[in-house]
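Colleague: With the working numbering as the guide, the letters of the sequence shown map in order to residues 172 to 231. Handing you a structure now.
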Amino acid sequence: MAIYEEMQSLLQELVDLVKQDEQYTAAVAHGAVSPDADTADAHRHRAIRIHELKRHFGLK
172 MAIYEEMQSL
182 LQELVDLVKQ
192 DEQYTAAVAH
202 GAVSPDADTA
212 DAHRHRAIRI
222 HELKRHFGLK
């Protein structure tokens, strides 16, 4: 059961990160958020983690 729970947790993290990424990108595109150093750094960390999780699950 531990493997199932770990996979569920990782997949939920991936879904949450993708949602956050979409919201950030849309906000920047619509001018609601100005990408400064802090938001850009958070966005970069999010993108790295998304890439790691996608690779973990064999997704493109």
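From the three backbone atoms N, C-alpha and C, an ideal C-beta is built for every residue, glycine too. Just so it is clear, the structure is predicted and the values come from calculations on it, not from any experiment.
For residue 220, which residues from the same chain have a beta carbon less than 8 Å from its beta carbon, with the 5 sequence-adjacent residues on both sides left out?
Modeller: 184 and 188
Colleague: Considering just the uninterrupted stretch of the alpha helix (DSSP H) at residue 231, what are its terminal residues?
Modeller: Where residue 231 is concerned, there is no enclosing alpha helix (DSSP H), given that its DSSP letter is neither H nor E.
Colleague: Where does residue 205 fall in DSSP's three states?
Modeller: Residue 205 sits in coil when the DSSP states are folded into three classes, being neither helix nor strand.
Colleague: Distance, Cα to Cα, residue 207 vs residue 214?
Modeller: 10 Å
Colleague: To the nearest angstrom, how far is it from the Cα of residue 191 to the Cα of residue 173?
Modeller: 27 Å
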